[in-house]
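One structure is given below, encoded as structure tokens.
In the numbering used here, the protein residues as written are 1224 to 1504.
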């Protein structure tokens, strides 16, 4: 990342802009103006930090699983805890379950909280607030449908335990490479992040299989697991969930395929660099 910053500052890989004005006047903004503009982001970071540090006690409150009430829905049991954790268990009489931590997942807290704080903080009128909400809903409507479809596909790819499509794909890759697996381990991690949109989920999904492969072919397990973690980060470059989310924020429509074609190149290069570094570990 540090190298990338210096490369970007040198203009390498960036499109060249033609200056229309030879003279540019830079207006120095007052510190209070800059601070006010940064306030929502700073508040967001502060709330995330406070709610994630175990010792402060807030994290425990937001994850309190003490039952508030239970309801049998016929196809599943609905449980809601005191921290508003919504859980469906015994779905269709199976061991399948689903849970959503309403207060802990970064949605209501901190984003909605920060929005409510920002309205008076930035002195926004009711008309401005309404315009922001309307434009936001308009921009996320179609990407929301695509994102839900992508997440459903991810879940289908992960169903089946050791025989799931994603695990089967990973095993096939390892059988092809043998002792050269360290050069490809990061790409398996990237595959997991590509499907799930999370380096953590990729590590949970493929960590065990990476460890098994390392033991089978006689490679250092810590090195292979490190490559898996690197791959999880790499996969976020091409993860469709992330691309849809960023495209929505930037107002880019129907460019997901174009973006993936471009981002897969640095991802491959990243993997090559990681493989070369692994030779010296």
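Backbone N, C-alpha and C define an ideal beta-carbon position, used for all residues, glycine too.
Checklist entry - Among 1301, 1501, 1344, 1408, which one has its Cα closest to the Cα of residue 1425? => result Ranking the options by Cα distance to residue 1425, first place goes to 1408.
Checklist entry - Cβ of residue 1308 within 7 Å of Cβ of residue 1324? => result Cβ distance < 7 Å, so residue 1308 and residue 1324 count as in contact.
Checklist entry - Near residue 1462, what residues of its chain come up, given a Cβ to Cβ distance below 7 Å and the 5 sequence neighbours on each side ignored? => result The answer, listed in chain order, is 1416, 1417, 1420.
Next on the checklist: What does the alpha-carbon distance come out to for the pair residue 1229 and residue 1448?
Outcome noted: Residue 1229 and residue 1448: Cα-Cα distance of roughly 29 Å.
Item to check | Rounded distance between the beta-carbons of residue 1479 and residue 1466, thought under 8 Å | outcome: Rounded, the Cβ-Cβ distance is 5 Å, consistent with contact.
Next on the checklist: Determine whether the beta carbon atoms of residue 1289 and residue 1305 lie at a separation below 7 Å.
Outcome noted: Yes. Within cutoff.
Next on the checklist: Distance check for residue 1295 and residue 1315, CA to CA, integer angstroms please.
Outcome noted: Their backbone Cα atoms lie some 12 Å apart in a straight line.
Next on the checklist: Using a 10 Å radius around the Cβ and a threshold of 16 neighbouring Cβ atoms, would you call residue 1279 buried or exposed?
Outcome noted: It is exposed - the Cβ of residue 1279 has fewer than 16 other Cβ atoms within 10 Å.
Checklist entry - Can you round the beta-carbon distance between residue 1381 and residue 1428 to whole angstroms, since I take them to be within the 8 Å contact cut? => result Between residue 1428 and residue 1381 the Cβ distance is about 7 Å, and since that is below 8 Å, they are a contact.
Item to check | Where the beta strand (DSSP E) containing residue 1292 begins and where it ends | outcome: Under the DSSP assignment, residue 1292 falls in the beta strand (DSSP E) whose first and last residues are 1290–1295.
Next on the checklist: On a Cα-Cα basis, can you pick out the residue from 1485, 1345, 1311 that is closest to residue 1257?
Outcome noted: Comparing Cα positions, the closest option is 1345.
Checklist entry - residue 1304 lies in the beta strand (DSSP E); which residues open and close that run? => result Going by DSSP, residue 1304 is part of the beta strand (DSSP E) stretching over 1300–1304.
Item to check | Member of 1410, 1395, 1398 whose CA lies at the smallest distance from the CA of residue 1456 | outcome: Closest option to residue 1456, judged by alpha-carbon separation, among 1410, 1395, 1398: 1410.
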